[in-house]
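In the working numbering, the protein residues as written are 85 to 272. Beta carbons: idealized from backbone N, C-alpha and C, even for Gly. The structure displayed is predicted, hence computed values, not measured ones. Worksheet: one structure, shown below.
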Amino acid sequence: PIRDVGLDADEAKAIRGFRFLTEKPVLVLLNVGEGELATAPALVESIVAAYPHQHAMVDALSAKIEMELGELEPDEAAVFMEELGIAESGLDRVIALSYQLLGLVSFLTAGPDEVRAWPIVDGSTAVDAAGAIHTDLAKGFIRAETVAYEDLLKLGSMGEAKKAGRLRAEGRTYRVKDGDVLEILFSR
């Protein structure tokens, strides 16, 4: 597969227009039965050891259990997962692995009526994040007021985060971290 060849920048640029399928990273999901959930991590490890690839990830889940979890209320699903010894839903794991494979992180924006997650390439700057929302925000970028999601959740609001000294003013070159909550200040 092209993903494992190790092309230099010029070679990658030369073949970019072909959009080869084998250039894409691979996520392998193993569908296991409920009785095999306990041994699934060992199965995943054995497959990873037998077929080590830098651009591939393997995980196991039970599609039947995931379907049943999807039909339950959140509190009932949490109890069911605890009974089965499942720490994290398969959907959450698939999303996290996909982000990791694609080299993405998410930052959040929050307004009075909407909270939204924005995917960007890991290592992107505050200006790149502003541009992901709208190109006008990137053009007129002044600064980003930033707080970690965990801090905002604990403190309750951007105002409280500012009072607690958790709200930071970041410039154009700030590298956005996964889970940052940003408020972009810009001029028109």
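CB of residue i within 9 Å of CB of residue j, strictly
i    : j    : result
R58  : S190 : Residue 58 lies beyond the range of the chain shown here (85 to 272); nothing can be said about it.
L111 : L185 : yes
L269 : A228 : yes
L113 : V178 : yes
Classification of residue i by the beta-carbon crowding that lies within 10 angstroms, buried from 16 upward
i    : result
A248 : exposed
D264 : buried
A147 : exposed
Nearest to residue i (by Cα), restricted to the options the options
i    : options                : result
A245 : V231, G255, T257       : V231
A126 : N115, L153, A144       : A144
G90  : H139, I204, L175, E254 : H139
E129 : E118, M141, L251       : M141
F225 : A214, Y233, F104       : A214
Where residue i sits in the DSSP three-state scheme
i    : result
R250 : coil
P125 : helix
E167 : helix
L91  : coil
P136 : coil
L156 : coil
F102 : helix
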